[in-house]
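Numbering of the sequence shown is given in numbering that gives the first Met the number 0, commencing with residue 0 and proceeding in unit increments. Report on one structure; see the data block that follows.
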Amino acid sequence: MHRILLLHGINHNMFGKRNSAQYGTITLDEINRQALDIAGELGVELEFFQSNYEGEMCERIHRAYEEQVDAVVINAGAWTHYSYGIRDALEILDAPVVEVHMSNIHAREEFRKRSIFSEVVKGQIIGFGVESYILGIRAAASIIRNKD
0 MHRILLLHGI NHNMFGKRNS AQYGTITLDE INRQALDIAG ELGVELEFFQ
50 SNYEGEMCER IHRAYEEQVD AVVINAGAWT HYSYGIRDAL EILDAPVVEV
100 HMSNIHAREE FRKRSIFSEV VKGQIIGFGV ESYILGIRAA ASIIRNKD
């Protein structure tokens, strides 16, 4: 069975409590449940990981390389705009990476309009709330199947 790793970045453990205008009221646990549902429908195995520590996120990405996961879906949160360490870790992966964001980063503050990951990811899905995750998992599964 193909494996997808879903990575949640900094402050995502606070979904449901922070900035409901941008992120709604859904919690990280609810996002993960919906993600598992779609993964089941698509016939892929899904693992998720969340951290507020940049080094831990890099270590998990390194482990994904060693485990030879088939794809990665990442919402790195604020790290998207400044973490060259996470960017470089993602670049190491042989697996395709899909970047997702619940809010439209291009319609927000100036510093959020640039993703330093854009050069190393297969594509981006932004601005659709929790559906961004669902679309990201669908895209990752499609990419995997097209490689077979």
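Even for Gly, the Cβ is constructed at its ideal location relative to N, Cα and C. On a predicted model such as this, the values are computed, not experimentally measured, just so you know.
Rounded to whole angstroms, what's the CA-CA distance from valine 96 to glycine 8? Just pull it up for me. Position 97 of the sequence shown, counting from 1, holds the residue named residue 96. Position 9 of the sequence shown, counting from 1, holds the residue named residue 8. In a straight line, the C-alpha of valine 96 is about 15 Å away from that of glycine 8.
Thinking valine 3 and aspartate 69 are a contact (beta carbons under 8 Å), I'd like their distance in whole angstroms, please. For this step, residue 3 is matched to residue 4 along the sequence shown. For this step, residue 69 is matched to residue 70 along the sequence shown. Inspection of the sequence shows that residue 3 is occupied by isoleucine rather than by valine. So it is a contact: roughly 6 Å between Cβ atoms.
Secondary structure of leucine 5, DSSP reduced to three states: Residue mapping note: residue 5 aligns to position 6 of the sequence shown, counting from 1. Leucine 5 falls in the strand class under three-state DSSP.
To which residues does DSSP link leucine 45 through a beta bridge? Sequence index remark: in the sequence shown, residue 45 carries index 46 (1-based). Answer is Ile3, bridged to leucine 45.
Specify the secondary structure class of alanine 94 as computed by DSSP and reduced to three states. In the sequence shown, the residue the question calls residue 94 occupies position 95. Of the three classes helix, strand and coil, the one that applies to alanine 94 here is coil, per DSSP.
Spatial distance of glutamate 29 from lysine 146 (CA atoms): Your numbering for residue 29 matches position 30 in the sequence shown. Your numbering for residue 146 matches position 147 in the sequence shown. In a straight line, the C-alpha of glutamate 29 is about 30 Å away from that of lysine 146.
Span of the beta strand (DSSP E) holding asparagine 145? The sequence position of residue 145 within the sequence shown is 146, counting from 1. Looking at the DSSP string, asparagine 145 is not in any beta strand (DSSP E); the run it does join, the alpha helix (DSSP H), is 130–146.
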